[in-house]
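Before any comments, here is the structure.
In this note's numbering, the protein residues as written are 1 to 308.
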């Protein structure tokens, strides 16, 4: 079957760094929210503005995190990618409305400009992420069907009618392959999509080989000692099904590696998707936005110290 690769350690490190970044931002913004109670003092305008900006950044940071959240997970768990981008766009719209409706104190102009930069670059990121997330969302359906096929395959040995069960798997695999071939991916996904179609074609071929083996095996006599089967065994349903056992032995060498191979291919797909995110500039743009968020948090902290 198709050779895959396991997710690299770099992806794990990257995820850990992202979690740390989010944890720091969340903790800082949560602390700022508590300062709203100080609004009654002489510097209330600054405090009210920084609290509002902190709340806005908190929402944007969370929405941006939801876009990245499924990265590195099996493709079947990335089906909500389009919804995550739509939610981020909604938060951008809300942030823009607040910017348009607010005249910040003069000392907060730099923070206001930083927030505007976050919103502007967020729109750029959302535009980049839309094509990516739409395709990934579509391919998540492919992964869902493949998960179901593999789950059925793993119970095939227990089926009463193995040839019929295998024929059903062949039909399902052919359907998934046809649907994958019918998708016209964005050009940046061509390499990824060719790998997916190639994997499916190879899987269909393997299942056909197993089906062929069963057809050949059917012509051969089963070596079984029927005298060892007692009437009591037959009545209790414990008599060995020699034909089924023979069929399982015949096709096992072809099918036994498919579940592990599918798991490896999931890792390979994640690696390829990470490459795509780099090529289209999505990773870099998200890093830029997170840098701006960190800058805004530092500016808020500085203002809060000066005008508390």
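Every residue gets a Cβ at the ideal spot worked out from N, C-alpha and C, and that includes glycine. Bear in mind the structure is a predicted one, so any value in this text is a computation, not a measurement.
Buried or exposed: residue i, going by 16 or more other Cβ atoms within 10 Å of its Cβ?
i: residue 140; result: buried
i: residue 292; result: buried
i: residue 247; result: buried
i: residue 112; result: buried
i: residue 77; result: exposed
i: residue 178; result: exposed
i: residue 114; result: buried
i: residue 184; result: exposed
i: residue 296; result: buried
i: residue 180; result: buried
i: residue 119; result: buried
i: residue 155; result: exposed
i: residue 85; result: buried
i: residue 171; result: exposed
i: residue 124; result: exposed
i: residue 182; result: exposed
i: residue 210; result: buried
i: residue 278; result: exposed
i: residue 143; result: buried
Give the DSSP-derived three-state secondary structure of residue i in the structure shown.
i: residue 270; result: helix
i: residue 280; result: coil
i: residue 72; result: coil
i: residue 211; result: helix
i: residue 114; result: helix
i: residue 288; result: helix
i: residue 321; result: There is simply no residue 321 to check, as the chain begins at 1 and stops at 308 in what is shown.
i: residue 305; result: helix
i: residue 105; result: coil
i: residue 235; result: Reliability fails at residue 235, whose pLDDT of 48 lies under 50, so the model's placement of it is uncertain and the value that follows must be treated cautiously. Looking at residue 235 - three-state DSSP - the assignment turns out to be helix.
i: residue 155; result: coil
i: residue 78; result: coil
i: residue 256; result: coil
i: residue 127; result: helix
i: residue 61; result: helix
i: residue 100; result: helix
i: residue 43; result: coil
i: residue 134; result: helix
i: residue 261; result: helix
i: residue 120; result: helix
i: residue 241; result: coil
Have a look at residue i and residue j and give me their C-alpha separation to the nearest angstrom.
i: residue 254; j: residue 286; result: 44 angstroms
i: residue 190; j: residue 116; result: 35 angstroms
i: residue 5; j: residue 272; result: Caution applies to residue 5, whose pLDDT of 40 falls short of 50 and renders its modelled position unreliable; the value that the coordinates give is listed next. Spanning the two alpha carbons is a distance of roughly 10 angstroms.
i: residue 195; j: residue 173; result: 16 angstroms
i: residue 280; j: residue 159; result: 47 angstroms
i: residue 53; j: residue 63; result: 15 angstroms
i: residue 275; j: residue 199; result: 19 angstroms
i: residue 109; j: residue 303; result: 11 angstroms
i: residue 81; j: residue 249; result: 42 angstroms
i: residue 59; j: residue 93; result: 12 angstroms
i: residue 96; j: residue 57; result: 12 angstroms
i: residue 300; j: residue 75; result: 38 angstroms
i: residue 294; j: residue 251; result: 57 angstroms
i: residue 305; j: residue 46; result: 11 angstroms
i: residue 99; j: residue 307; result: 21 angstroms
i: residue 261; j: residue 83; result: 30 angstroms
i: residue 208; j: residue 147; result: 19 angstroms
i: residue 122; j: residue 188; result: 21 angstroms
i: residue 145; j: residue 214; result: 25 angstroms
i: residue 166; j: residue 87; result: 43 angstroms
i: residue 201; j: residue 168; result: 16 angstroms
i: residue 79; j: residue 50; result: 36 angstroms
i: residue 193; j: residue 164; result: 31 angstroms
i: residue 317; j: residue 138; result: Since the first and last residues shown for the chain are 1 and 308, residue 317 lies out of range.
Secondary structure, beta strand (DSSP E): runs of 3+ residues fully inside the region 167 to 203: Listed in chain order, the beta strand (DSSP E) elements of length 3 or more contained wholly in the region 167 to 203 amount to none.
Below 8 angstroms, how does it come out for the region 241 to 256 and the region 131 to 138: are there three or more Cβ pairs, yes or no? No: fewer than three Cβ pairs fall under 8 angstroms.
Three CB pairs or more closer than 8 angstroms across the region 94 to 104 and the region 143 to 151: No, the region 94 to 104 does not touch the region 143 to 151.
Whether or not the region 69 to 76 and the region 121 to 129 are in contact is what I'm after, with contact meaning three or more pairs of Cβ atoms, one per stretch, closer than 8 angstroms; do they touch? Segments in contact, no.
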